[in-house]
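Colleague: Anchor point for the sequence shown: position 98 equals 98 in UniProt numbering, and the numbering is continuous, going up by one each time.
We put the beta carbon where it would ideally sit given N, CA and C, even for glycine.
As the structure is a computational prediction, the values presented were derived from the model and not from experiment.
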Amino acid sequence: MSIDTIRRYFDAFNAKDVPAMLDCLCDDVAHHVNEGQVRIGREAFAEFCAHMSRCYDETLTEMVLFEAEDGARAAAEYMVNGAYLVTDPGLPEAEGQRYRLPAGSFFSLREGRIARVVTYYNLADWTRQVAGEAPQ
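#1: Which runs of the beta strand (DSSP E) fall wholly inside the UniProt domain "SnoaL-like" (6–117) and span at least 3 residues, in chain order?
#2: Could you tell me which residues DSSP puts in a beta bridge with T127?
#3: Is it a yes or a no for the region 44–51 touching the region 99–107, going by three-plus beta-carbon pairs under 8 Å?
#4: With a Cβ-Cβ cutoff of 7 Å, do R113 and L25 count as a contact?
#5: Can at least three beta-carbon pairs, one atom from the region 82–99 and one from the region 51–67, be found at a separation below 8 Å?
#6: Among V117, G82, T5, which has the Cα closest to the Cα of T127?
#7: Compute the distance between the beta-carbons of T61 and M79, then report whether it is under 7 Å.
#8: Let me know if V29 comes out buried or exposed under the rule of 16 or more other beta-carbons within 10 Å of its beta-carbon.
#9: Since residue 142 contacts H32 with CB under 8 Å, what's their CB separation in whole angstroms?
This is the structure in structure tokens:
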């Protein structure tokens with residue numbers, strides 16, 4: 001069941017267990033990053049995770065999972081609770097700022113593994129939060 005794969009993927013994310021996340025992915029996974037380039041393959045995904053772990057400490061809560069009837073696609077809506085640890089190039093300076101941000105992911109599955117993951121969140125909202133600006 002695809003929802004089990006998605007649940008394992010997010011459980012591994014929250015446990016900061018990148019090898020367990022990678023185990024949920026197809027070798028040729030297409031990783032569509034919010035406002036970024038598509039990365040292809042597990043190695044590119046692992047490199048992205050290493051970068052994210054260095055710059056951010058995030059936990060996902062309020063998880064709601066959805067699954068298409070045929071099990072080939074799934075989606076998740078959740079809250080990202082994080083701390084901005086190290087300045088990410090092109091973004092505001094990191095000073096340990098905390099943030100809370102709604103986000104969602106969409107998945108395609110093949111043979112019980114994730115073949116495509118697309119993640120969306122509001123970058124302008126995140127930027128306002130880490131800059132200490134009032135919500136609009």
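Modeller: A quick look at the data gives this:
#1: 25–32, 38–40, 56–67, 73–84, 98–110
#2: Taking the sequence shown and counting its residues from 1, one reaches residue 127 at position 127. T127 is not bridged to any residue.
#3: no
#4: On the sequence shown, position 113 is the one that residue 113 refers to. On the sequence shown, position 25 is the one that residue 25 refers to. Taking 7 Å as the Cβ cut-off, R113 and L25 qualify as a contacting pair.
#5: yes
#6: Start at 1 with the first residue of the sequence shown, and residue 127 comes out as number 127. Minimum Cα distance to T127 is reached at G82.
#7: Position 61 of the sequence shown, counted from the first residue, corresponds to residue 61. Position 79 of the sequence shown, counted from the first residue, corresponds to residue 79. Contact flag set, yes.
#8: As a first step, residue 29 must be located in the sequence shown, where it is residue number 29. Here V29 is buried: its Cβ has 16 or more other Cβ atoms, across all protein chains shown, within 10 Å.
#9: This structure cannot settle anything about residue 142, because the visible part of the chain is limited to 1 through 136.
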